[in-house]
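Notes follow once the structure below has been shown.
Residue numbers (the working numbering): 13 to 95.
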């Protein structure tokens with residue numbers, strides 16, 4: 013799952029996969045804007061069958077925050093979610 017989320021972000025933002033690491037900041041390092049954030053939430057909700065309230069998304073600072081949130085919502089452990 014972690015690999016899928018990172019690959020999706022890289023593809024959406026036109027980045028190399030190696031640049032999308034857990035400690036990369038979504039806005040400052042990867043250039044995520046408000047439209048990208050909306051698209052990301054939509055994609056994650058569709059892919060993993062979870063609802064992500066906008067207020068929760070405001071807490072996403074890094075790629076790792078997104079991965080941990082989705083893992084928690086679907087009940088996956090980091091080892092299960094690693095791809």
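Cβ coordinates follow ideal geometry from the N, Cα and C atoms, glycine included. Bear in mind that the values here come from a model prediction, so they are computed numbers and not experimental data.
Quiz item: Is the CB-CB distance between residue 25 and residue 47 below 8 Å?
Solution: no
Quiz item: Can you list, in chain order, the residues of its chain whose CB lies under 8 Å from that of residue 61, leaving out five sequence neighbours each side?
Solution: 86
Exercise. Using 10 angstroms around the beta-carbon of residue 33, count the other beta-carbons present and answer buried if the total reaches 16, otherwise exposed.
Key: exposed
Quiz item: Is it buried or exposed for residue 79, if we count other Cβ within 10 angstroms and need 16 for buried?
Solution: buried
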